[in-house]
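I have placed the structure first, in the form of structure tokens, so that the comments after it can refer back to it.
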Amino acid sequence: MRRRLAGYLFILPYLFVFIPFVVLPLFIGMSLGFFQWEMLSPVEPRFVGLQQIRLAFNDPYFWNALKATSLFVLFCVPMTVILSLTIALGLHAIKQRQSIYRSIFVLPMMVNITVVGLLWRWMLNTDFGVFNGYLKYFGIQIPWTGEPGWAMLSIIMLTLWWGIGAPTIILLAGLKHIPKQYYEAAKVDGANSVRRFVSVTLPLLKPSLVFVLVTQLIASFQIFGQTFIVTKGGPNNSTRVLMHHIYETSFVQYRIGYGAAMSMLLFLVIVVITLIQYFLVKER
Amino acid sequence: MKYRRFIEFMVLVLAIIFLLPMLLIVLTSFKSEAEILNFSSLLPKNWTLSNYVRLFSNHEEIPIAVWTINSFLYASTTTLIVLIIDSLAAYGLARMNLRFSKTILAIFIATMMVPAQVQLIPTYLILNKFGWLDTMLAIVIPPTANAFGIFLLYQFFKKIPKDLEEAAALDGCSRLRMFWHIALPLSKPALATLGLLVFLGSWNDFLSPLVFLDSSDRLTLPVGIATFQSSYYSEYSLTLAAGTIATVPALLAFLIFQKSIIEGIAHSGLKD
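One line per chain: the protein sequences are C and G, in this order. The first sequence begins at 1 in the working numbering and counts up one residue at a time. The second sequence begins at 285 in the working numbering and counts up one residue at a time.
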């Protein structure tokens, strides 16, 4: 009995931060959305039930933010998966200097989002940025952050550059785990390289691919830093994403309850996606 | 063989494209503002240190030395606490024959799925209740609840042979000493990986210092740069010089410890 107790004592220090900063926020987060609470007003928080969820559904800014976020997720996630898989396959195919190349693709991850954002804002600048600086030799000038469509594309390009490292490493590790014998067996059976990719690589890489897909979806729905710094949500609120709207509602306007209600909706979306993925994997 | 050459060539081209923006941060920080506003080449025509001189001579509005110290202080404190409490918890779960160890571990891991940004508002309120807002504690303590570390160390501790500890027990060694003298030294690679990932995560965090801190002299580098950039200066020369200062330590850490860092990231995707 005493030995058991000693074991739990080892866990105790972790619980001191786990309970106030993981468990408690979870429960508060689940209930806060049902309260109307404006920090700057003297009125006490009061229970309003689903009123703020309804408020969100009638809030054109919320719908706009949901649209911007969905658009970003819809394009950025598949592009991330395809690009990281391509790079991982390329790295896997070359044996020399593999670790140098791999490190280069991870390098951007080490730069924090402020610097990434400010760097890209300068590179994308219409008048003196690098992109237009070179494009002018071809007689082309692109309004990178000046038009809604281009602005979203710019944000996606930046995100690909910044975030490709982790999925690439995970997929490369997955590729290395596939036993060579499978490829040799497939070769003996006369399968060409395309066939080997479809019938050996893809199915055996599936766990890593699904992991990358799910983590990318979860992270992409929470996009914030990129748009907050590079486009500031513009032009015409076209890149004003959900987290941006939640941040301003909660910490600029101090409408804590309403911000939490929208956070709950965002969380719900993430949970649903995770569950769908989970069942898709389990089925096969 | 030709095919392999072609692939390596394509990888090389992509790698150069990915590397260019990194070089640009550093190179451009040595250009004058005038040259930046009139882009003509990647390399500076006239190398100048004036951006750095201006950056460091303006303590009043841009306390960048203070922000750098803050970032170091916050990131290393968080890392130290995570290493201590995570290794203790992982040891308790992995080596002490607890009846509910599997369940407890599962609960800890499940909480990794909850996005940090969804917890932002509740955490703000809790920090407010504790009176920790706008203090170092607000940045250092919440991220120490790091379940990934427990998950990583648990797997390492599980692999330690039973005989080692039984022999130690015969010699009258206490659990805490076994933890300190056997488990920890054997898990150095995992501890290094975890420490680096936590440090980089904290060094680069943007949202929590933005929301939880207020006073200029308590900010971290990322948020400090973002605020001075929007309030005082819109000059890219200063911004990029500040960016270089914020980036170089992280890059150095990565270059020195890249093997551990990459293994740590790969590990997050390989689950049995």
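Every residue gets a Cβ at the ideal spot worked out from N, C-alpha and C, and that includes glycine.
Asked                                                                                                                             : Found
For Phe105/C and Pro20/C, the rounded distance between their alpha carbons                                                        : 37 angstroms
Nearest residue (CA-CA) to Leu118/C, options Leu522/G, Lys543/G, Ser552/G, Ile540/G                                               : Leu522/G
Extent of the continuous alpha helix (DSSP H) to which Thr227/C belongs                                                           : 225-230
Nearest candidate by alpha-carbon position, reference Pro533/G, set Lys443/G, Leu480/G, Tyr287/G, Thr407/G                        : Leu480/G
Identity of the residue in Tyr278/C, Ala260/C, Ile256/C nearest Glu38/C by Cα                                                     : Ile256/C
Short-range partners of chain G found in the stretch 26-50 of chain C, where Cβ spacing is below 7 angstroms                      : Leu26, Ile28, Gly29, Leu32
N-terminal and C-terminal residue of the alpha helix (DSSP H) that Gly163/C is part of                                            : 148-163
Per-residue contacts from Phe538/G into chain C (C-beta, under 9 angstroms)                                                       : Ser103, Val106, Leu107, Met109, Met110
Distance, Leu497/G Cα to Tyr247/C Cα                                                                                              : 14 angstroms
Outcome for Trp63/C when other beta-carbon atoms lying within 10 angstroms are tallied against a minimum of 16                    : exposed
Alpha-carbon spacing of Val350/G relative to Arg502/G, whole angstroms                                                            : 8 angstroms
Distance, Leu202/C Cα to Met157/C Cα                                                                                              : 26 angstroms
Among Ala378/G, Ile309/G, Val482/G, the one whose alpha carbon lies nearest that of Ser544/G                                      : Val482/G
Opposing strand residues paired with Phe35/C [DSSP bridges]                                                                       : Phe47/C
Min CB distance Gly485/G to chain C below 8 angstroms                                                                             : no
Unbroken alpha helix (DSSP H) run spanning Asp370/G, endpoints                                                                    : 348-379
Beta-carbon gap between Thr407/G and Ser486/G smaller than 8 angstroms                                                            : no
Straight-line gap, Ala260/C to Phe356/G (C-alpha atoms, nearest Å)                                                                : 32 angstroms
Meets three-Cβ-pair contact criterion under 8 angstroms: the stretch 367-380 of chain G and the stretch 430-448 of chain G        : yes
Proximity winner among Ser263/C, Thr159/C, Leu265/C, relative to Gln216/C (alpha-carbon distances)                                : Thr159/C
Distance between Phe432/G and Met262/C (C-alpha atoms, nearest Å)                                                                 : 27 angstroms
Segment contact, 8 angstroms Cβ cut-off, at least three pairs: the stretch 100-114 of chain C with the stretch 176-188 of chain C : no
Arg240/C, DSSP secondary structure in three states                                                                                : coil
Ser486/G - DSSP class collapsed to helix/strand/coil                                                                              : helix
Bridge partners - Arg255/C, DSSP secondary structure assignment                                                                   : Glu38/C
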